[in-house]
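*Asks:* Going down the list, the protein sequences come from chains A and B.
Here the first sequence is numbered in the working numbering, starting from 107 and rising by one per residue.
Here the second sequence is numbered in the working numbering, starting from 1351 and rising by one per residue.
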Amino acid sequence: MFGLSADSPGQNAAVMEKLALPFPILSDVERDLAITPLGFADENDPRLISRPGVVIISPDGEIVFRFVGKDYADRPDEDLVLEELGSLGLDPTSQEAAEHGPVEPGKTAIPGAGLEYYLSGAKFAALALRRRYRDISDDFKDGTKAYVAMVERYLEALKAVNERKA
Amino acid sequence: MSPSTLTMGTRTEEGNKLAIDFSVLDAAAKPWTLSDHLDAAAVITFHRGDF
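(1) Counting contacts by CB-CB distance shorter than 7 Å, is B:Leu-1356 in contact with chain A?
(2) Determine, for A:Asn-268, whether the minimum Cβ-Cβ distance to residues of chain B falls below 7 Å.
(3) Can you find at least 3 beta carbon pairs, one from the region 222-233 of chain A and one from the region 251-269 of chain A, that sit closer than 8 Å?
(4) Would B:Thr-1395 count as contacting chain A if we go by Cβ distances under 7 Å?
(5) Nearest to B:His-1397 by alpha carbon, out of A:Pro-211, A:Asp-180, A:Ala-255, A:Pro-208?
(6) Would you kindly work out how many angstroms separate the C-alpha atoms of B:Met-1351 and A:Thr-214, rounded to a whole number?
(7) So which residues on chain A does B:Thr-1383 lean against when the C-beta distance must stay under 7 Å?
(8) Can you give me the C-alpha to C-alpha distance between B:Leu-1388 and A:Asn-150, rounded to a whole angstrom?
(9) Once DSSP output is grouped into helix, strand and coil, what is the label at A:Pro-128?
(10) Using DSSP's beta-bridge definition, name the partner residues of A:Arg-172.
(11) What do you get for A:Phe-230, buried or exposed, if any count of 16 or more other CB atoms within 10 angstroms of its CB means buried?
(12) In the DSSP assignment, what residue or residues form a beta bridge with B:Thr-1383?
(13) Under a CB-based cut-off of 7 Å, is A:Phe-246 close to chain B?
(14) By the three-class DSSP mapping on this structure, what secondary structure does A:Leu-233 have?
(15) For A:Val-160, which option in A:Val-187, A:Ala-120, A:Pro-128 has the closest C-alpha, if you only look at C-alpha atoms?
(16) Please list the residues of the region 176-188 of chain A that have a C-beta atom closer than 7 Å to any C-beta atom in chain B, keeping them in chain order.
(17) When you compare the CB of A:Leu-194 with every CB in chain B, is at least one pair closer than 7 Å?
(18) Please list, in chain order, the chain B residues whose beta carbon lies closer than 8 Å to that of A:Gly-167.
(19) So what does DSSP say about A:Gly-220, is it helix, strand or coil?
(20) Examine the Cβ distances between the region 136-149 of chain A and the region 1365-1381 of chain B and report whether three or more of them are shorter than 8 Å.
(21) A:Leu-264 lies in the beta strand (DSSP E); which residues open and close that run?
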């Protein structure tokens, strides 16, 4: 398991520490090594970030599953990824503990203590919009429902992060 | 549309699989190459970053 972003190694080290991640985050600052070649650059977003997504790569180096988010709020369902991984029929394995270098958080990074408030705010904003505009379209209703479900999974995951860090 | 996700992923069909490799930097600023880490399947999650 590996994460990948357009952030510097120091910023990724900060995220690894903040979330007590058991896997490394890799850095493609110019987005020309993996993010763009694999189709994850969002040309409509001026921040030069990566679209959220997942690729599963078989041991022989082939992409066997790919999810590319429409935008930064469209992220894959973990259960779907686990199901696809399981379909490969490979033996379970372990991963060496991830190491990182000096921690250099970005200027706009949210401190760990603020993540629960950030996620809760995002959830309730999405719920309010869903209620306010519930008659717009089924796509809107389904989209906001999916977003709220995703944030609720993240809030649960945050509890696990806090337990790992305790 | 699934209630759990906005976009469904795509399973690559047999005969249409693409072999890839790339090199980036790890969080210690050391070179990291995918093919050096394929003793098992690899799951790579892409992040917006600076979170």
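The beta carbon of each residue, even a glycine, is placed where N, CA and C say it ideally should be.
*Replies:* Quick look at the numbers:
(1) The pLDDT assigned to B:Leu-1356 is 44, lower than 50, so where the model puts this residue is not dependable, and the model offers no usable value.
(2) Contact with chain B is absent for A:Asn-268, since none of that chain's Cβ atoms lies less than 7 Å from the residue's Cβ.
(3) Output reads yes: the region 251-269 of chain A touches the region 222-233 of chain A.
(4) With 7 Å as the cut-off, B:Thr-1395 counts as an interface residue toward chain A.
(5) Minimum Cα distance to B:His-1397 is reached at A:Asp-180.
(6) With a pLDDT of only 38 at B:Met-1351, under 50, the local geometry of the prediction cannot be trusted, and no value is derived from it.
(7) None at all; the shortest Cβ gap to chain A is about 10 Å.
(8) Each residue's alpha carbon lies about 33 Å from the other.
(9) Looking at A:Pro-128 - three-state DSSP - the assignment turns out to be coil, as it is neither helix nor strand.
(10) Residue pairing for A:Arg-172: DSSP places it in a beta bridge opposite A:Val-161, B:Thr-1360.
(11) Exposed.
(12) Within the DSSP bridge table, the entry for B:Thr-1383 names B:Ser-1373 as partners.
(13) Judged by the 7 Å Cβ criterion, A:Phe-246 is not in contact with chain B.
(14) Here DSSP, grouped into helix, strand and coil, assigns A:Leu-233 to helix.
(15) The residue among A:Val-187, A:Ala-120, A:Pro-128 with its C-alpha nearest the C-alpha of A:Val-160 is A:Val-187.
(16) Only Lys-176, Tyr-178, Asp-180, Pro-182, Asp-183, Leu-186, Val-187 from the region 176-188 of chain A bring a Cβ to less than 7 Å from some Cβ of chain B.
(17) Under the Cβ criterion of 7 Å, A:Leu-194 is counted among the residues facing chain B.
(18) Within chain B, the residues near A:Gly-167 are Ala-1369, Ile-1370, Asp-1371, Leu-1384, Ser-1385, Leu-1388.
(19) Per DSSP, reduced to three states, the secondary structure at A:Gly-220 is helical.
(20) At 8 Å Cβ cutoff, the stretches touch.
(21) Per DSSP, A:Leu-264 belongs to no beta strand (DSSP E); it is in the alpha helix (DSSP H), 244-271.
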